[in-house]
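Presented below is the structure to which this report refers.
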Amino acid sequence: MKNLFRISLAVVLFSVLISTFTGCKGEGKNNSKSKVVLNVYNWGDYIEETVIESFKKEYGIKVNYETFTTNEDMYVKIKSGAGDYDVAIPSDYMIKRMISENLLKKINFDNIPNYKYIEDRFKNLAFDPNNEYSVPYMWGTVGILYNTTMVDEPVDSWNILWDKKYEKQIFMLDSQRDSLGVALKKLGYSMNTRNLNELEEAKKALLEQKPLVLAYVVDEVKDKMIAGEGALAVVWSGDAFYCISENPDLAYAIPKEGSNLWFDSMVIPVTSKNQKEAEMFINFMCESEVAYKNADYIGYATPHSEAKKMLDPEVVNNRAFYPLEEDLVNFEIFEYDAEAMKDYDRIWTEITSE
Amino acid sequence: MKDFLKRFYVFLIFAFLYAPIIVLIIFSFNDSKSRGNWSGFTLKWYRQLFHDQQIMNALYYTIIVAVVSSLVATVIGTAAAIGIHNMNKFKKAVIMNITYLPVMNPDIVTGISLMILFIFLRMELGFITLLLSHITFNIPYVILSVLPKLRQLNKHMYEAALDLGATPLYAYRKVILPQIMPGVITGLLLAFTLSLDDFIISFFTTGSGVANLSIVVYSMARRGISPKINALSTLMFVSVLLLLIIVNRRTSKDNNGKRRRHA
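Heads up: the sequence lines are chains E and X, in that order.
Letter by letter, the first sequence follows residues 1 to 354 of this note's numbering.
Letter by letter, the second sequence follows residues 1 to 263 of this note's numbering.
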């Protein structure tokens with residue numbers, strides 16, 4: 001009898017608890033019905049913050065701004081349906097993966113008149129060939145950041161990273177696609193190759209280079225290069241721009257063999273319940289003034305033709321940061337292939353564990 | 001010589017503990033964004049910090065969640081510990097194992113399973129789910145810090161109180177609780193700190209618009225962590241330090257008072 005009483009008490013308490021929470025949830029829903037709240041999911045520190053405020057003012061739509069660290073983190077959250085994000089800004093290969101898994105909505109480009117400002121060469125890219133799902137936000141390359149006080153010769157080839165002169169002065173990226181890509185490009189192969197022989201050759205090249213490498217790094221490379229701890233480093237162009245602004249002895253070069261071209265683009269996940277407002281936001285981000293503010297704050301290259309004109313001409317005319325089409329002949333965008341990723345994983349593990 | 005070695009050892013330990021914090025504090029005054037070079041003294045990061053809506057929001061949520069979740073977890077955990085203490089051997093063993101399990105579980109497993117549970121229950125991920133998860137992972141720590149105190153307890157004390165006419169509840173409040181208080185406080189502080197710096201579980205169980213500090217800081221990793229975070233950490237460190245000094249002064253004064261009274 002006593003037990004029965006206890007159990008029923010527990011049940012009553014539990015149901016009270018649940019109803020309280022569902023009650024709260026209902027309230028939240030009502031609020032959002034009367035007033036649309038836009039959930040935006042972006043990389044950390046990847047927007048000029050006043051932009052969000054001015055969107056709020058101009059359109060009267062509140063923005064919930066959230067940030068992620070890696071494409072994979074974002075993917076997990078959207079795939080599991082954990083957040084009803086309206087706009088997200090993933091990178092190229094992740095967009096392709098999300099398209100293939102039906103995680104993205106088709107954008108109605110009639111609602112994005114400012115799309116006309118995006119340079120034509122950044123339309124119909126490999127990860128979104130018919131331009132249905134994404135609007136480019138930032139783009140850049142992978143190249144060599146070098147310290148001009150330590151490197152005298154001109155830097156224009158990946159081969160310099162295999163030069164014994166620079167033993168223990170080289171930083172490589174601790175990122176399998178990027179580091180394998182460097183080796184593949186040096187050997188004249190495609191960064192997206194699925195040919196196992198080519199991958200094995202790249203592995204050999206990286207193992208041969210390993211004694212020369214001071215460290216495999218990610219974000220720390222910026223501070224280390226600024227402090228002059230190394231002569232050469234493989235970096236993303238946006239980071240290179242920041243490093244040079246901190247230490248004028250540094251310079252950035254994109255190798256003639258070609259390299260990786262990357263994009264971060266705005267997309268609308270299927271979780272979005274406010275597609276119209278999401279498109280308004282994307283259109284707003286493509287306004288010249290807004291795109292300029294973002295590009296100026298972040299320091300990455302903008303695909304926006306008008307914003308580019310407003311930026312410091314010294315930056316825009318620097319072909320290392322704003323390469324012309326002819327500079328990008330051998331450049332490739334990463335492709336995503338679940339099968340090939342297994343080979344990449346295995347080879348990279350073999351390199352790092354050796 | 002022995003003395004010197006002793007001191008040197010202590011110095012080494014404290015150097016390792018505090019050197020990173022000192023570096024962090026120094027660089028919160030650095031004019032450049034980089035940790036690689038020092039380009040002059042500035043307070044601009046402190047100014048920018050208070051204008052950064054995202055960080056301020058995250059700070060607000062971090063503190064609210066830490067305070068509420070540690071308080072709730074302490075109440076539930078203490079009650080649970082008293083219950084477990086009074087169980088028979090077999091039941092106790094079962095319940096204790098269930099309690100240990102979430103502590104041993106990697107955070108990522110806890111985080112993902114909570115996320116799946118919330119989605120299954122069709123709860124909208126956000127503040128409430130974040131709070132519930134923090135309470136959940138805090139409870140075992142409270143139980144584990146209260147139980148030893150209960151074991152040290154003289155069990156006849158409670159019986160004596162009942163003999164003298166106290167109701168069970170009154171006896172718990174006036175006899176048991178004061179004696180296990182150190183354990184309860186330890187549990188509370190432990191829960192508070194765990195909640196304060198949890199990243200993985202929070203990342204998976206929070207939703208639109210609600211983020212705590214660790215999520216915001218971690219998301220900056222790709223672009224480099226802003227010195228605003230150094231400024232914030234400095235302020236938090238200083239306030240905790242002040243708090244500790246005040247608390248210590250108080251307790252030492254109390255002790256002096258007591259000693260005098262005894263004399």
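C-beta atoms are modelled at their ideal positions from N, C-alpha and C, and glycine is treated no differently.
- For X:Asp-198, not one C-beta of chain E is nearer than 8 Å to its own C-beta.
- When C-beta distances to chain E are compared with 7 Å, the residues of the stretch 214-232 of chain X below that value are Val-216, Tyr-218, Ser-219, Met-220, Ala-221, Arg-222, Arg-223, Gly-224 and Ser-226, in chain order.
- Relative to X:Asp-31, the option among X:Phe-41, X:Leu-162, X:Met-87 and X:Ile-22 whose CA is nearest is X:Phe-41.
- Of the candidates X:Leu-232, X:Thr-206 and X:Ser-208, the residue whose Cα lies closest to the Cα of X:Val-217 is X:Leu-232.
- When 8 Å is used as the limit between beta carbons, X:Asn-37 is near these residues of chain E: Ile-226, Ala-227, Glu-246 and Asn-247, in chain order.
- Using a Cβ distance threshold of 8 Å, E:Gly-143 and E:Ser-245 do not count as a contacting pair.
- Listed along the chain, the chain X residues whose CB falls inside 8 Å of the CB of E:Phe-68 are Ser-219.
- Scanning chain X for C-beta atoms nearer than 7 Å to the C-beta of E:Ser-80 yields Met-115 and Ile-119, reported in chain order.
- Shown here for E:Ser-91: same chain residues with a beta carbon closer than 7 Å to its own, the five before and five after excluded, namely Asn-71, Trp-262, Phe-263 and Asp-264 in chain order.
- Listed in chain order, the non-local C-beta contacts of E:Glu-257 below 8 Å within the same chain comprise Ser-157, Trp-158, Lys-185, Lys-186, Gly-188 and Asn-330, local neighbours out to five positions each way being set aside.
- Contact between the stretch 195-205 of chain X and the stretch 77-96 of chain X is absent, with fewer than three C-beta pairs closer than 8 Å.
- Judged by DSSP in its simplified three-state form, E:Thr-141 adopts strand.
- DSSP, read as helix, strand or coil, puts X:Met-181 in helix.
- Counting the other CB atoms within 10 Å of its CB gives E:Glu-101 a total below 16, which places it among the exposed residues.
- Not one beta carbon of chain X lies nearer than 8 Å to the beta carbon of E:Trp-262.
- Within chain E, the residues Glu-246 have their CB atoms less than 7 Å from the CB of X:Ser-32, given in chain order.
- In the structure shown, the three-state DSSP call for E:Lys-62 is strand.
- Between X:Ala-66 and X:Leu-242, the gap from beta carbon to beta carbon reaches 8 Å or more.
- Fewer than three pairs of CB atoms, one per stretch, sit closer than 8 Å, so the stretch 5-24 of chain X makes no contact with the stretch 205-225 of chain E.
- Taking 8 Å as the threshold, the shortest C-beta distance from X:Gln-54 to chain E falls below it.
- Contact holds between the stretch 157-176 of chain E and the stretch 192-211 of chain E, because three or more Cβ pairs, one in each stretch, are under 8 Å apart.
- According to the DSSP assignment, E:Ile-170 belongs to the beta strand (DSSP E) that extends over 170-173.
- For X:Gly-207, the nearest CB of chain E lies under 8 Å from its own CB, placing it at the interface with that chain.
- Listed along chain X are Ser-34, Gly-36 and Gly-224, each with a C-beta nearer than 8 Å to that of E:Lys-222.
- Straight through space, the alpha carbons of E:Tyr-146 and X:Gly-207 are spaced by roughly 41 Å.
- X:Leu-150 is not a Cβ neighbour of X:Ala-93, given a cutoff of 8 Å.
- Only residues of its own chain outside the window of five on either side were considered, and among them Phe-171 have a CB closer than 7 Å to the CB of E:Ala-215, listed in chain order.
- Nearest neighbour of E:Met-191 by Cα position, chosen from E:Phe-68, E:Met-341 and E:Ala-307, turns out to be E:Met-341.
- At a cut-off of 8 Å between C-beta atoms, E:Glu-49 counts as an interface residue with respect to chain X.
- In terms of Cα proximity to E:Asn-318, the closest of E:Arg-177, E:Ala-301, E:Asp-343 and E:Leu-125 is E:Ala-301.
- A direct Cα-to-Cα measurement between E:Lys-276 and X:Leu-24 gives close to 44 Å.
- Contact note: E:Asn-147 does not reach chain X at a C-beta cutoff of 8 Å; the least C-beta distance is about 12 Å.
- Within chain X, no residue has its beta carbon less than 9 Å from that of E:Trp-139; the closest one is some 15 Å off.
- Within chain X, the residues whose beta carbon sits less than 8 Å from that of E:Trp-43 are Ser-219, Arg-222 and Arg-223, listed in sequence order.
- Pairing E:Ile-61 with E:Glu-53, the inter-Cα distance amounts to about 10 Å.
- Looking only at X:Lys-174, X:Asp-52 and X:Tyr-46, the smallest Cα-Cα distance to E:Asp-45 is reached by X:Asp-52.
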